[in-house]
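Position 225, counted from 1, in the sequence shown is what numbering that gives the first Met the number 0 calls 224; the numbers after and before it change by one each time, with no gaps. Everything on this sheet refers to the single structure shown next.
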Amino acid sequence: MRFKFKRLLVVIIIVWLAMLPLLKNNDQQTIKFFPLDDQIQFKTAETHLSLFTEMDEDTYKVLWKVNSRVDQPIYLRQDVSLLFVDGKLKGIMNQWKEEESLLQQKAVIREEDSSYLEAISFHHGEIHYPDDIIKSVQNLSHTDMYVIDSPHSPLESFSEPENERHREWKQTMDHTISQQLMYFWKQLIEHYDISLKDYTPIPLTNLWKYENRPFPGLTQPQTNQVMGQLWEGLYKNYITGIRDENQSLLKPLDTYVPLILIHKDGKQLMVLFEDGLGNKQRLLQRIPEF
């Protein structure tokens with residue numbers, strides 16, 4: 000009997016050990032803002048899109064890469080990247096590692112027809128010091144790419160127009176996507192009865208522009224803090240899933256770019272978006288009194 004018990008105990012231990020990697024891989028690390036560290040810096044923080052290959056007459060592949068490095072290994076490194084195609088979220092890459100300085104991610108996505116692709120990444124790190132002092136480091140990177148898939152010419156891509164043909168395609172795609180987003184955002188604003196004149200609107204995909212430019216009414220250091228707290232909220236309530244009325248977790252894939260509204264009194268901001276079932280959602284964030 001004792002022998003059988005020992006064998007059973009060994010089997011349980013082996014199964015438990017085998018499950019450890021699965022448990023760790025399924026765990027989604029939480030982005031948490033702490034006071035920004037002025038000693039640790041990002042050496043690189045980049046997001047790239049490139050036309051990978053043409054699969055057939057109707058589809059093609061795009062290579063999406065994200066990498067970042069801080070100047071020394073720190074307690075926690077995390078990068079999250081969002082890819083939008085024609086204004087809709089098509090992919091999320093998320094990676095975290097402990098005691099690392101470098102993170103690298105890549106994915107290949109399949110698309111069809113002419114498209115505008117835009118990716119924004121939030122690069123984050125957590126530094127632990129003695130006496131329970133915790134600080135963080137953060138950066139944003141962004142890239143975009145237009146793909147022309149026409150039966151009358153070879154498949155091509157560009158970020159900045161290089162000729163008149165590129166400029167015409169860019170203008171057409173920009174206009175179409177802008178009209179769709181404006182209509183979508185207008186519905187959200189009307190649903191929550193928001194007076195737009197009281198807010199500064201910023202699409203989520205434009206947040207990278209405030210990496211070195213302050214939000215209206217704030218200084219750059221204040222903007223950096225609000226930005227970190229904003230991404231903490233986005234990660235918890237949007238990127239990792241949106242909870243509906245029944246507390247079911249819905250992925251935000253195939254939903255339009257969220258709109259961020261910063262109140263002109265400098266006291267609050269909100270994020271407007273929809274979940275995967277079309278339910279309208281709003282996140283509220285109070286801006287600290289600096």
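Note that CB positions come from ideal geometry on N, CA and C, so glycine has one too. Note that the structure is a prediction, hence the values are computed from the model and not measured.
Legend entry - Paired residues, beta bridge with Val65 - DSSP: DSSP links Val65 through a beta bridge to Thr46, Gln104.
Legend entry - Residue interval of the alpha helix (DSSP H) (run including Tyr182): Here the alpha helix (DSSP H) through Tyr182 covers 163-190.
Legend entry - Nonlocal neighbours in the same chain, by C-beta distance under 6 Å from Phe272, ignoring five residues either side: Pro257, Gln280
Legend entry - Proximity of Leu102 and Ser67 at Cβ, strictly below 8 Å: yes
Inset, instruction - Identify every residue that forms a DSSP beta bridge with Lys303. - result: With the chain covering 0 to 289 only, the question about residue 303 has no answer from this structure.
Inset, instruction - Please name the residue, chosen from Val107, Gln186, Tyr128, that lies closest to Tyr74 on a Cα-to-Cα basis. - result: Tyr128
Inset, instruction - Find the nearest neighbour of Gly277 within the set Glu244, Arg285, Asp264, judged by alpha-carbon distance. - result: Ranking Glu244, Arg285, Asp264 by Cα distance to Gly277 puts Glu244 first.
Inset, instruction - Tell me, to the nearest whole angstrom, how far the beta carbon of Leu62 is from that of Lys105; I am working on the premise that it is less than 8 Å. - result: Contact flag correct, Cβ pair sits at about 7 Å.
Legend entry - Where His123 falls, given that 16 or more other Cβ within 10 Å makes a residue buried: buried
Inset, instruction - Can you check DSSP and say which residues form a bridge with Gln228? - result: DSSP lists no partner for Gln228.
Inset, instruction - Assign Ile132 to one of two classes, buried (16 or more other C-beta atoms within 10 Å of its C-beta) or exposed (fewer than that). - result: exposed
Legend entry - Per-residue DSSP class, three states only, for Tyr115: strand
Inset, instruction - Verify whether the separation of the beta carbon atoms of Thr58 and Glu111 is less than 8 Å. - result: yes
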